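Q: What follows is a single structure, and I will ask about it in a moment.
In this note's numbering, the protein residues as written are 3 to 137.
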């Protein structure tokens, strides 16, 4: 385990949970790669910023039960957590939002460069989320 990388990922998720987008985005490289769950790959901090603006408009989420693992050299990390969320506004192509709450196991993989996040790939079970917001 690499403590610097663990600290970076902890800071990344603490900023997310606090809604501190300035700090959250400052932890990314300018050419960050973002692999969206069951979606496209986006490249660059500007694309990531736009993605987060949409997410923050449509969802209110807190990540809990965080477990972070790293490679010994700190160049890669993984996190497993639970998403506690509320679906605030309808997201394109998804069920209608009506303030539904959900609890969703999820994970992410990171590449780290110069003590910043250079790639993040997020994973969760979309069908589980859909079933929760449709019930």
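Beta carbons are placed, not taken as given, at the ideal position from N, Cα and C, and that holds for glycine.
Note that the structure is predicted; figures quoted are calculated from it, not measured.
1. Of all the options 88, 106, 93, 35, which has the alpha carbon lying nearest to the alpha carbon of residue 113?
2. Only counting the same chain, and skipping five residues up and downstream in sequence, which positions put a Cβ closer than 6 Å to that of residue 25?
3. Mind checking whether residue 7 and residue 72 have CB atoms under 7 Å apart?
4. Do the CB positions of residue 91 and residue 60 come within less than 7 Å of each other?
5. Would you call the stretch 19-33 and the stretch 118-135 touching, i.e. three or more CB-CB distances under 8 Å?
6. When we look at the beta-carbon of residue 81 and count the other beta-carbons within 10 Å, is it buried (16 or more) or exposed?
7. Beta-carbon within less than 8 Å of residue 56's beta-carbon, same chain only, minus the 5 sequence neighbours each way: which residues are those?
A: According to the data block:
1. Residue 35 holds the alpha-carbon nearest to the alpha-carbon of residue 113 among 88, 106, 93, 35.
2. Result list for residue 25: 17, in chain order.
3. It is a contact, given that the beta carbons lie within the stated cut-off.
4. Yes, the pair counts as a contact, with Cβ atoms nearer than the cut-off.
5. Enough Cβ pairs lie closer than 8 Å, so yes.
6. Result: buried.
7. Once the five neighbours on either side are set aside, the close Cβ partners of residue 56 are 93.
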